[in-house]
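What follows is a set of notes on a single structure, which appears directly below.
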Amino acid sequence: MSARHPVQGVAAFLFALVLALPCVGLAAIPDSVPDETLKALNLDRNATPRSLYDALTTRYRSEADGAGKGNFASFWEPIPMSKYLAPSLFYEAPTTLDMVVKAEDCVACHTAITGGHVLAWQKSLHSDLKALRELPDTDTRSYKKAHLAEVESNLQSLGILQAGQQLDQVGCIDCHMNVGAKEGHHIKDLRLPDAAACGTCHLRQYAERESERDTLTWPQDQWPAGRPSHALDYKANVETATWAAMQQREVAEGCTMCHTNQNKCDNCHGRHEFSPVEARKPEACSTCHNGVDHNEFEAFMYSRHGVNYQTRGDTWDWHAPLSQALEKGQTAPTCAFCHMEYKGQFTHNVVRKVRWGFLPTKNIADNLGHEWFTDRREAWKGTCSTCHSPSFADAYLDMMDKGIISGMEVVEEMRPVVQALFDERLLVGQKTNRPALPEPEKDEAGGFFSLLMSNGNNPTMVDRVFAEMWEQHVAKHYKGLAHVNPGGFTYTEGWSQLMKGKTFILEENTRLREKAAMEKRLEALEGKTPAKAALHGDPQADTVLQRVTSVVGGGGLAALGGLLALSGMGLLWRRRKPEAPKHH
Amino acid sequence: MSARHPVQGVAAFLFALVLALPCVGLAAIPDSVPDETLKALNLDRNATPRSLYDALTTRYRSEADGAGKGNFASFWEPIPMSKYLAPSLFYEAPTTLDMVVKAEDCVACHTAITGGHVLAWQKSLHSDLKALRELPDTDTRSYKKAHLAEVESNLQSLGILQAGQQLDQVGCIDCHMNVGAKEGHHIKDLRLPDAAACGTCHLRQYAERESERDTLTWPQDQWPAGRPSHALDYKANVETATWAAMQQREVAEGCTMCHTNQNKCDNCHGRHEFSPVEARKPEACSTCHNGVDHNEFEAFMYSRHGVNYQTRGDTWDWHAPLSQALEKGQTAPTCAFCHMEYKGQFTHNVVRKVRWGFLPTKNIADNLGHEWFTDRREAWKGTCSTCHSPSFADAYLDMMDKGIISGMEVVEEMRPVVQALFDERLLVGQKTNRPALPEPEKDEAGGFFSLLMSNGNNPTMVDRVFAEMWEQHVAKHYKGLAHVNPGGFTYTEGWSQLMKGKTFILEENTRLREKAAMEKRLEALEGKTPAKAALHGDPQADTVLQRVTSVVGGGGLAALGGLLALSGMGLLWRRRKPEAPKHH
Amino acid sequence: MSARHPVQGVAAFLFALVLALPCVGLAAIPDSVPDETLKALNLDRNATPRSLYDALTTRYRSEADGAGKGNFASFWEPIPMSKYLAPSLFYEAPTTLDMVVKAEDCVACHTAITGGHVLAWQKSLHSDLKALRELPDTDTRSYKKAHLAEVESNLQSLGILQAGQQLDQVGCIDCHMNVGAKEGHHIKDLRLPDAAACGTCHLRQYAERESERDTLTWPQDQWPAGRPSHALDYKANVETATWAAMQQREVAEGCTMCHTNQNKCDNCHGRHEFSPVEARKPEACSTCHNGVDHNEFEAFMYSRHGVNYQTRGDTWDWHAPLSQALEKGQTAPTCAFCHMEYKGQFTHNVVRKVRWGFLPTKNIADNLGHEWFTDRREAWKGTCSTCHSPSFADAYLDMMDKGIISGMEVVEEMRPVVQALFDERLLVGQKTNRPALPEPEKDEAGGFFSLLMSNGNNPTMVDRVFAEMWEQHVAKHYKGLAHVNPGGFTYTEGWSQLMKGKTFILEENTRLREKAAMEKRLEALEGKTPAKAALHGDPQADTVLQRVTSVVGGGGLAALGGLLALSGMGLLWRRRKPEAPKHH
């Protein structure tokens, strides 16, 4: 492809090759791709890049292995935005340009139509690989010359480049049609790149990311294999019953907006400048890793680590790869530094040290002594020991684990209290006004749905508060401890909020039981047996009127004036609206 | 005024003039001032700067057009701080310096008294316009030479500069007494600059900002004309009944601190360096556009847009005007970039694309198909298409609108539930302990006052939670969607909080009605007719004792021990305290 | 110590001496150390550095003066992490290296073990004082040459350096064993530096910080002498009953993580680069000064001050000492700028202008006219007048004080309401299910423990909400006002949250009293006298069963099904678990 300065190009290539050989294993699968993945893909370490790419991509696109709409596919339909979030599933090109375009046409037209993206690309190394080849070795970014040689080796193995052929640019057509294409049809060939598209060139990073499926194999089935991870996060999204059941698809699509790492690479590597500097900075993780149930970003930023980043980060050399970052001036860890590291190596598999997963559960706490967990704890100790003494690392990890367990125990202490109220049907309105949930969601005490749905008295505040405890507060408690943010697990988030949730639930427990006792006393005074239908009938089988009447019970229909208000709330979940006509 | 290097100055001026002519329309009102404003002011496009300035300023200072203390003027008094927030209304100079001072005296004295402001001004271009004139055209800031020529043209039209005369400095006296003044009296002539003072020089920006009054004319009267906008934000503040009714004037003045864009320009253009770089960065908007009911800043910062700003913004050329920002390296939008843009032009009217206003209401949702709204949606689509494809923009705007409507519908579903409880007087304490509100505020179910006032059982938690729903959660839901922050409209803010509010209100609805039914059963058992006075009497006409006694009803005065506590809470709103003696 | 370029070194030293003499008072205690401290230590202004150091350190290490485990020492034990948070109390070196090491060995080994810390140190001036001596006087950092001369003078007085001897490096051994040591034993001599270790060299800063004990002497005993301050923050922590009583020591240690300024200096001066730039930036304060009860950082960042920092701070010269910061381009205050300043001087005593302390209380509000407070207000006015006019400063401080008082009054209005419910035993479950607290904590209405503990119905939601009001919302209200964040004291934090708390408490007051009245009516109908044991018995003396039965009362044991759930919650506080076996 490169017509410019071929001699210089070849010289640079040879030089890059020399650089690359020892560290990336040009002729074999790099050792940053773990054995587990080779085994899963039935490859040996000497397999060609093409073999690796094909094996990875076959699995990546297989429904049996986690691609597609998932188990609840029949319950939901995409919205127009979905095509940008799961392009492999839903993307269709606009039908207005029914023509073949040449590679050089892209920029010419899109400068006028989507000029911002073109300008961003023009800032990128993709747009001028010659500039990369010409970097002096004193330039921090010169390590990328080896990366480029590796990319070219991959493309040669895939038959996209000839032996010895170089890239001089990665243009629109390479990503949006096919790598190396000279032209393509603007409807039939247009695509939005998925991870396999990026992986055509960036095969090592693709393989490392895909290896998350293979290394996160929970020994006591705490989570499904390979989860929670970036590699299977879209599957995790679409197989969440609440998500699939939600009527408001545009709101549900908000969840999807983060759960797209499985589908594509631009959550971390924002389009179209693709500067690794962006992905190295903690803010890159913040769009998804913030908020009520995964506030890693806030926790980090308030930690002394984050403070050092914020006050001194402007003196660090962000062009350095993570493996050289400390030598180049970095004085505190970042998200990428700790989570991409495993036993001294930095890769795109960010789950090799995962122990507590997304939520601290009893099944994890009870098994922390298992080798799978202790090995990972040792790996963390190694990470901390990049700066801190091993005894410091041990002391902190010990504090962290025990602190997390304390939080988890609060949740487990409240679980039977909430369950008993549910089982005895003592929750507010439970006997009269707790409609079934839309499919495929199922009712349960304090279920996840409580955070995103509400109809009649389903959920009640007890459900809601318990859901916040097990899904949010304990998560923040853990994240605060794990990211060394003291307020994150003491008085602001975490523990204090768990205590508030517990206080609320124990108070409701007393109130609801006292109310039930008072009700019995009233009935005794009225000389009546309990209104059995109201107390034990199936609320989903009764009409609204019957149920409300029955709860009013012996006291007559004094509350009848309230019936309209109650029935007006719609005990049946609204049906999904048909797609409204589009704004032209 | 400039005595320095006059020849060079003239040359620079002529050059600037040439630059300025095509783009700013030196001899006519710039086309960035919309036709609507010319019509409203009865001017034609060829009017002189003086005509434009006079017409704008007459309206700006007219009470009939929104200046002054507003409709509730009789209910509130300013506090000492008010003179800095609404200087045109309340500023009076300190009486200690009863003397005429010369322009050159200002810096001499104030270096000792308020040195920080003097130093900031010395960093500004205001302090050295010669430095500006000498900028080479390769300097990104050289576009300001045309701005300066425009300013001088305005001042010539106003008779402040002679024909051909140049400015060499904008000093203290120009803004704090009169533009071009050589001396002034330190009591009689001292002022804090309002927007008209800044507009004397920066007429185009003043006119653009004032044009917000003319372009935001809601077709179905969703909001008063010209609102919500920066141009009328002080009026909006002082005509809010809750604000005017608040007893704690120092707390109320906190609202005013943001609602001062109508009065002055320094909310965005911080004193005294006045670097446009400050106003261009998203943090400039954050003091006001954050928090429970307008969290635009947080939403932006967590979006991929904000992430790109935070990780790569240090490589952008912030001296570039918005129209050149992308060419100069900006790779993501900022607040200013999207909100000052309209059909490709960047102006100080930031409301030309407003569709959802401050809050998403049914009256907006129901009329989105009206041309006024569809034109604005098209304009937004153009804005997004600066970078994204038009089909992407369409898909996202479609998702945004429908998502917002889903949130709005939750509010509308709860409105009649809350209203029915209010109308049936079933809210906690409603029959016995819901005092009237201080004037000019009026009681209503879940009114805005619920967020800032509390006395007796007014508001109740149902009022409060509903007020949070319609004024805060749905606003954050909308802002999260509009600024592409997934957690902002799913699980952290917005939808999930709306669901919590709904869960709470539906639970209270059941509880309060069940309690009323139980009360009836008790009364039936006691063989008594309901205590009519307590249930239907006017709580404002009764004494505290009568009311509390009546609710205790047939059960005797068993709760009498609690009366002191109840009555101690002060059912009458506290009177405003007289101004406490000042700390010397 | 310096073997390199001795002649040049001496020359630099003499030059530094000349610079230093007038400003730091080399031969006497610097005037930045207040008279109050000299008096407390029984020193005169001409005392030697050694005398000052010895007097400070004797007091610093004396249990009678606030060192040690505090009054509740018998109630808690340290965890492994504690040795890093209170090293003087708990640090013990790892026992693996039973050997004498030489100064030059440290870096050699620790490059491999804790390389990140070594690299950070290599970036520091500590690692190369010669570089500092060679700074040209045009370099902003050249003021540090005088600091170095002062340090050397201190060390000469202490006998660590010979007369005329210079430092050329501060290495690992100086801080982690003894200043000036050539070798040491890796178990017996190893230490983590406390403030006295840092103060060996940085005596002036140590003395300034320690002077917080002497200047914060509340005239009406609003707080214990010297508190709240950095100098006694560990004592404040360990003498908080809730902290000492908490079962979950790892969670409690989160509180300790911030309360360690008494113990060491690295909360502000992060290891091991020790750049003062870090400590000067507002983020340095953020790890501790954020969140629900001291959100100073958030308040500042949203203020116009913080906005100017965030948008323009990249143009400021952060190497400048605070006294020169404005001249060097700083255009807005930072945490350090306002809080380290006192009457024009910048020191490490950050509490000399403290008036409202940590929480706005009635005892402060009622005494603001006392000279102690008015002097400090005048000092604040001087601080603000660095930039603003004195009349502006007055107006704002007036607004701030009155606004704070309004918030405080809401708390004081609710206090008797909550207390009455508590005294009448009307809180939910109070008669049946309010267990005593673990020692040394004591039960009270809405006590601080409510934020961090929960068992049975202790606390109730009324307790919790009131604790949030007096400990969190009113604090944020005050901090929002003090740091000029409008949303911080109006609609987002502060006032609006106080109103919500008040609304909740007044609603519960009505509900609980109405419920008690209804209970009486039921009892009257049942023809029974009140179940006196249940109403007035000592809940700690009864069994769970007796109490629950008694509250169910005349209505029979209908609620018996709920007993298991109630009793399952554990009315007795869990005993502390013995230390779990360590991982691996």
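Chains as they are written, first to last, in the working numbering: chain S, 316 to 899; chain D, 316 to 899; chain H, 316 to 899. By construction, the Cβ of each residue, glycine as well, lies at the ideal position given by its N, Cα and C atoms.
Contacts of residue i in chain D (Cβ-Cβ under 8 Å)
i      : result
H/L840 : L837, L840 and E841
S/I428 : S700, S704 and P705
Proximity of residue i and residue j at Cβ, strictly below 9 Å
i      : j      : result
H/L356 : H/A370 : yes
D/I720 : D/P675 : yes
S/F819 : H/M776 : yes
H/V789 : H/S618 : no
H/F661 : H/A647 : no
H/V494 : H/L463 : no
D/P636 : D/Y521 : no
H/W687 : H/P534 : yes
S/L404 : S/G383 : yes
Rounded straight-line distance, which links the Cα of residue j to that of residue i
i      : j      : result
H/Q812 : D/T807 : 19 Å
H/S544 : H/A551 : 9 Å
D/C421 : D/V433 : 9 Å
D/G868 : D/P801 : Only weak support is given to the placement of D/G868: the predicted model assigns it a pLDDT of 34, under 50, and the value that follows is read from those uncertain coordinates. C-alpha separation (whole angstroms): 52 Å.
D/L767 : S/Q577 : 46 Å
H/H851 : D/D548 : With a pLDDT of 37 at H/H851, under the threshold of 50, the predicted position of this residue should be treated as unreliable, and no value is reported.
D/R862 : D/T747 : Low confidence applies here, because D/R862 scores a pLDDT of 36, under 50, leaving its location unreliable and the question unanswered by this model.
H/C699 : H/P705 : 7 Å
D/G795 : H/N623 : 25 Å
D/H634 : S/D608 : 39 Å
H/F387 : H/D359 : 36 Å
S/G479 : S/R448 : 15 Å
Residues that residue i contacts on chain S, provided the C-beta gap is smaller than 7 Å
i      : result
H/H432 : C702
D/F819 : M776
Within chain H, partners of residue i - CB distance below 7 Å
i      : result
D/D608 : Y806
D/A435 : T646
Chain-ordered chain H contacts of residue i [CB-CB under 8 Å]
i      : result
D/C570 : P801, T805 and Y806
Proximal chain D residues relative to residue i, where beta-carbon distance stays under 7 Å
i      : result
S/E905 : Examination of residue 905 of chain S is not possible in this model, given that chain S is present from 316 through 899 alone.
For the stretch 626-655 of chain H, which residues have a CB atom closer than 9 Å to at least one CB atom of chain D, in sequence order?
Listed by position, the residues of the stretch 626-655 of chain H near chain D (Cβ gap below 9 Å) are T626, R627, D629, T630, L641, E642, G644, Q645, T646, A647 and P648.
Short-range partners of chain H found in the stretch 667-683 of chain S, where Cβ spacing is below 9 Å:
Answer in chain order: L683.
Quick one, which residues of the stretch 393-411 of chain D are near chain H if we go by CB-CB under 8 Å, in chain order?
Within the stretch 393-411 of chain D, the qualifying residues are I394, P395, M396, K398, Y399 and P409.
Listed in chain order, which residues of the stretch 584-601 of chain H have Cβ atoms closer than 7 Å to some Cβ of chain S?
Those would be G585, E588, S590, V592, E593, K596, E598, A599 and S601, in chain order.
Near-chain S residues of the stretch 415-426 of chain H (beta-carbon distance less than 9 Å), N- to C-terminal order:
For the stretch 415-426 of chain H, the set of residues with a beta-carbon nearer than 9 Å to any beta-carbon of chain S comprises H425, in chain order.
Pick out the complete alpha helix (DSSP H) segments inside the stretch 744-811 of chain D, 4 residues or longer, and give them in chain order.
Whole alpha helix (DSSP H) segments, 4+ residues: 776-783, 789-797 and 801-804.
Ranges of the alpha helix (DSSP H) found wholly within the stretch 641-677 of chain H, counting only runs of at least 4:
Whole alpha helix (DSSP H) segments, 4+ residues: 650-654.
What are the residues in the stretch 434-455 of chain S lying within 7 Å of chain D by C-beta distance?
Against chain D - using a Cβ distance shorter than 7 Å - the residues of the stretch 434-455 of chain S are L434, A435 and K438.
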